[in-house]
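Add 175 to a position in the sequence shown, counting from 1, and you land on the number used in this note's numbering. All C-beta atoms, glycine included, are put in the ideal place defined by N, C-alpha and C. All figures in this text were calculated on a predicted structure; none of them were measured in a lab. Report on the following structure.
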Amino acid sequence: MLKSSYLYEHWFNQKEDGSSFGNALTNMEQEFALMLHLNESAPIWQNYHADYKHWDSATRQYIVDTPANSGLPNNSVGQLLSDGNGGLWVGTNGGLAHLTANEQWFVYTQDNSDLLGSINSLLNDGSGGLWIGGEGLAHLSADRQWTVYTTDNSILPYNSVTKLLSDGAGGIWMDIPYEDSGIARLTANGEWAVFDTTNSGLPDNHVTALYSENPDSLWIGTDSGGLVNLTFPKPRLANLSGKRAVLLIHPEPIRGHNTHTIGEKISGSIYNSLVNRYYRNDEIYFLAYKPDIDINQDYHADKNAVDAPVTFLQKSQGATPRAITKADIRQAFSWAQNQGVLNQPLLVVIVGHGMNDGNILLNPATNETLSGAELGVMLNDYQQATQNQAIVILESAYSGALLPALQGQNRVIVSSTTTDQAVQYDPNLLGRDAFSTQYFHALRRGGNFHSAFYEAKRNYAQTPQLDDDGDGMFTSRDEQGRVTAQLCLNGCFTPEASQGVYRNGDTIRVTLPPLPVDKDQYVGIALPNGSVFVLSDFNAFSSLGASLPLWQGGDVMFEVPVSADLPRGSYPLFLLRVPHGVNPLENPELWELNVGSLVVE
Numbered sequence: 176m177l178k179s180s181y182l183y184e185h186w187f188n189q190k191e192d193g194s195s196f197g198n199a200l201t202n203m204e205q206e207f208a209l210m211l212h213l214n215e216s217a218p219i220w221q222n223y224h225a226d227y228k229h230w231d232s233a234t235r236q237y238i239v240d241t242p243a244n245s246g247l248p249n250n251s252v253g254q255l256l257s258d259g260n261g262g263l264w265v266g267t268n269g270g271l272a273h274l275t276a277n278e279q280w281f282v283y284t285q286d287n288s289d290l291l292g293s294i295n296s297l298l299n300d301g302s303g304g305l306w307i308g309g310e311g312l313a314h315l316s317a318d319r320q321w322t323v324y325t326t327d328n329s330i331l332p333y334n335s336v337t338k339l340l341s342d343g344a345g346g347i348w349m350d351i352p353y354e355d356s357g358i359a360r361l362t363a364n365g366e367w368a369v370f371d372t373t374n375s376g377l378p379d380n381h382v383t384a385l386y387s388e389n390p391d392s393l394w395i396g397t398d399s400g401g402l403v404n405l406t407f408p409k410p411r412l413a414n415l416s417g418k419r420a421v422l423l424i425h426p427e428p429i430r431g432h433n434t435h436t437i438g439e440k441i442s443g444s445i446y447n448s449l450v451n452r453y454y455r456n457d458e459i460y461f462l463a464y465k466p467d468i469d470i471n472q473d474y475h476a477d478k479n480a481v482d483a484p485v486t487f488l489q490k491s492q493g494a495t496p497r498a499i500t501k502a503d504i505r506q507a508f509s510w511a512q513n514q515g516v517l518n519q520p521l522l523v524v525i526v527g528h529g530m531n532d533g534n535i536l537l538n539p540a541t542n543e544t545l546s547g548a549e550l551g552v553m554l555n556d557y558q559q560a561t562q563n564q565a566i567v568i569l570e571s572a573y574s575g576a577l578l579p580a581l582q583g584q585n586r587v588i589v590s591s592t593t594t595d596q597a598v599q600y601d602p603n604l605l606g607r608d609a610f611s612t613q614y615f616h617a618l619r620r621g622g623n624f625h626s627a628f629y630e631a632k633r634n635y636a637q638t639p640q641l642d643d644d645g646d647g648m649f650t651s652r653d654e655q656g657r658v659t660a661q662l663c664l665n666g667c668f669t670p671e672a673s674q675g676v677y678r679n680g681d682t683i684r685v686t687l688p689p690l691p692v693d694k695d696q697y698v699g700i701a702l703p704n705g706s707v708f709v710l711s712d713f714n715a716f717s718s719l720g721a722s723l724p725l726w727q728g729g730d731v732m733f734e735v736p737v738s739a740d741l742p743r744g745s746y747p748l749f750l751l752r753v754p755h756g757v758n759p760l761e762n763p764e765l766w767e768l769n770v771g772s773l774v775v776e
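Take a look at the structure:
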């Protein structure tokens, strides 16, 4: 006997001995069964292209349900789903119907509800409501209130959803078949994420099946990439530095040998560095003249990267890409202001073509430019409204000329060139030799804004400028890095001593910052005489040798009392992070290294 909740989708089943037998529908000629829902205490419902019928166990016959003798809005039925309470949800070409356990019909169409066109999939929400996938995503709550998600109010790249699956934690997974756009997730607290080949381990964007084991794991069947299991741990660095925001601005350059490609590569490299330092997509406002920039250099456009003036989605729907305007930049600052008070400085990065006077070209066709004074006004308005610190990084020719116009309190200005220097990119390196590429590479590795500046400067043909104190000039005081030495990209992660200076009778206590879940860390300390010790656990010191011991301890690195025989001087504190499972000595290019210090007097 067939058990309840058995889903019958195949014409033939296989017996234990390997032989086949036809199912109950094989004698129904010219009828193609889409779905069969069975319940021992309720009617058996069958769904066909031609009609919709249920099995009446009392009369032992099929009864055809049509709009004429039921609440069905249409004869073409594509989806059936138990409501979990003895009733049934029915998706048709003409709308959605709900037949309750007491045989009461509720019908929803585009005329009397917020139903989105066709119905491709149905999923119970676990609270008496229903998720509906179709021309977007819709939710009908238990009290019959509608919530609709489309490209207008979510990060769905297209209004096309054909598969729905619970994530086991109150949220849902969905596929996005249009243009093979991968999958999306909406969590129980309303957070959206889109996963495709550009930002995850998904091998193919054409998804054919979804199965979830637990809230942090998903099995995905793909058209040509096989079966893959994606795991999604908790945010990698949720609370390292609190709230942050970035404005990344890339106007169109003039035509030249690889100039467009070089600008895209530099912008993409910066974006990647931000992501590697745990900035989320919604914390980066990317203003670019080209909607379909390839951020991760996999030869595919990154559909969710560019935020304005024309997005990838808008372009795919017929919008024409255009040059950036001053109004667009003001809108970007408005977005930044709406982020409120930040825990890290607002980062403003401009990758563009600098004119002889330092102004930044916005539109080669009209010669519209952005002057330092105009950018300065935008910065002033933003900082007056938020009191947030700001760091401005200019990757353009003659950008040093803008430093005086951009001076201001609580502000750091970095330019890739002096007032009279053009950029000298090697066209064959495609931006890898750009100052900002090198600067953000050093920042990604854990350097602060001061040390990373001088690391990048050593490898750069031009003379970049650093205004550390916002006075509009590059002076010897800036070389001291009084401000920038205290700032890292998305927060510094140095070991932290309980006090800066220790004396006899004190106890040195050093703690470690939170560790991202996808990283391993290694810790060490250098004595004033240069000897280096590494630690694998609390107070477990050993001399540095041919290998590094993985840190296995908790938040406290060590506690040591200060006595008369403890060497006096400065003690550098090292914290090295690499991706989980990576040998740090064999992969120095993956290092993220921060160095702190303490002093014993």
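(message) Within the continuous alpha helix (DSSP H) that includes M553, where are the two ends?
(response) M553: member of the alpha helix (DSSP H) spanning G547 to T561, first to last residue.
Q. Distance, Cα to Cα, R505 vs V516?
A. Linking R505 to V516 through their CA atoms gives a straight-line distance of about 18 angstroms.
Distance, Cα to Cα, S387 vs G343? If you take the alpha carbons of S387 and G343, they lie about 8 angstroms apart.
Query - CA-to-CA distance, S711 to E761, given in whole angstroms - result: About 19 angstroms.
**Study point:** Check whether S611 and T592 have beta carbons under 8 angstroms apart
**Key:** In this structure, S611 keeps its C-beta atom at 8 angstroms or more from the C-beta atom of T592.
Proximal residues to V323 (C-beta, below 7 angstroms), its chain only, five neighbours per side dropped: So the qualifying residues of the chain are D289, L291, G311 and A313.
Pick from L577, N623 and D467: whose alpha carbon is nearest that of Q656? The sequence as given places Gly at residue 656; Gln does not occur at that position. The shortest Cα separation from G656 among L577, N623 and D467 belongs to N623.
TODO: Determine the closest residue to A636 out of H625, Q661, N471 and A609, with distance taken between C-alpha atoms.
DONE: Out of H625, Q661, N471 and A609, the CA that lies nearest to the CA of A636 is found in A609.
Original post:
Going by DSSP, what residues sit across from N389 in a beta bridge?
Top reply: Answer is S392, bridged to N389.
Which whole runs of the beta strand (DSSP E) in the region 570-648 are 3 residues long or more, in chain order?
Fully enclosed beta strand (DSSP E) runs of 3 or longer: 586-590 and 640-642.
Hey, out of H425, Y460, L449 and Q254, whose CA is closest to Q514's CA?
Ranking H425, Y460, L449 and Q254 by Cα distance to Q514 puts Y460 first.
**Beta-bridge pairing of P703 - partner residues as DSSP gives them** = P703 is not bridged to any residue.
| Within this structure, are the beta carbons of P703 and V685 separated by less than 8 angstroms? | Taking 8 angstroms as the cut-off, the Cβ atoms of P703 and V685 do not count as close.
Express the C-alpha separation of V676 and H616 in angstroms, rounding to a whole number.
Roughly 32 angstroms separates the two Cα atoms.
Determine the DSSP secondary structure at V485, reduced to helix, strand or coil.
Look at V485 here: in three-state DSSP terms it is coil, with no helix or strand label.
Query raised in the report: So what's N762 in DSSP terms, helix, strand or just coil?
Result: Per DSSP, reduced to three states, the secondary structure at N762 is coil, with no helix or strand assignment.
Review point. With 16 other CB atoms within 10 Å as the buried threshold, where does A480 fall?
Key: Its Cβ being crowded by 16 or more others within 10 Å, A480 is buried.
For this session: Return helix, strand or coil for N328, following the three-state DSSP convention.
Result: If DSSP states are grouped into helix, strand and coil, N328 belongs with coil.
* **Whether I429 touches L536 by CB criterion (8 angstroms)** => In this structure, I429 sits near L536, with a CB-CB distance shorter than 8 angstroms.
- Message: Residues in the same chain with beta-carbon distance under 6 angstroms from Q727, minus the five sequence neighbours each way, listed in chain order, please.
- Response: Same-chain partners within the cutoff: S711 and D712.
Exercise. Considering only C-alpha positions, which residue in the set Q519, K465 and Y474 is nearest to Y453?
Worked result: Per the Cα distances, Q519.
Notebook entry, point to check: Going straight from the alpha carbon of S772 to that of T325, what length do you get?
Noted result: It is roughly 51 angstroms from the alpha-carbon of S772 to the alpha-carbon of T325.
- What are the complete beta strand (DSSP E) segments, minimum 3 residues, inside the region 506-539? Those beta strand (DSSP E) runs which fall completely within the region 506-539 and span 3+ residues are 521-526 and 535-538.
Assess contact between the region 325-336 and the region 278-286, defined as three or more Cβ pairs (one per stretch) separated by less than 8 angstroms. Is contact present? Touching, no.
Worksheet item: Who are T686's beta bridge partners in DSSP?
Response: DSSP, once it has assigned bridges, lists E671 and V731 as partnering T686.
May I ask you to list the residues that DSSP assigns as paired with F370?
For F370, which the question treats as bridged, DSSP gives the partners I358.
Three-state secondary structure assigned by DSSP to E458
DSSP places E458 in helix when its eight states are reduced to three.
_Selection from D695, L462 and P496 that minimises the alpha carbon distance to D482_ = Closest by alpha carbon: L462.
Taking L298 as the reference, give the member of Q599, G345 and G529 with the closest Cα. Comparing Cα-Cα distances from L298 to each of Q599, G345 and G529, the minimum goes to G345.
Check: Near M553, which residues of its chain fall below 7 angstroms by C-beta distance, leaving aside the five closest residues on each side in sequence?
Finding: Counting only residues of its own chain and dropping the five nearest sequence neighbours on each side, M553 has a CB closer than 7 angstroms to the CB of I504, R505 and F508.
ask   = With contact counted as at least three CB pairs below 8 angstroms, one residue from each stretch, are the region 637-649 and the region 747-759 in contact?
value = No, the region 637-649 does not touch the region 747-759.
Could you tell me if G197 is buried or exposed, where buried requires 16 or more neighbouring beta carbons within 10 angstroms of its beta carbon? For G197, the predicted model reports a pLDDT of 37, less than 50, meaning its position is unreliable; a value from the coordinates is still stated below. When all chains shown are included, G197 counts as exposed.
With DSSP as the reference, please indicate the residues paired to E543 in a beta bridge.
Answer is N538, bridged to E543.
(message) What would DSSP say about V450, mapped onto helix, strand or coil?
(response) Reduced to three states, the DSSP call for V450 is helix.
* To do: Could you pull the start and end residues of the beta strand (DSSP E) that T267 belongs to?
  => Per DSSP, the unbroken beta strand (DSSP E) holding T267 starts and ends at L263 to T267.
Hey, how far is the Cα of A597 from the Cα of G666?
-> Pairing A597 with G666, the inter-Cα distance amounts to about 32 angstroms.
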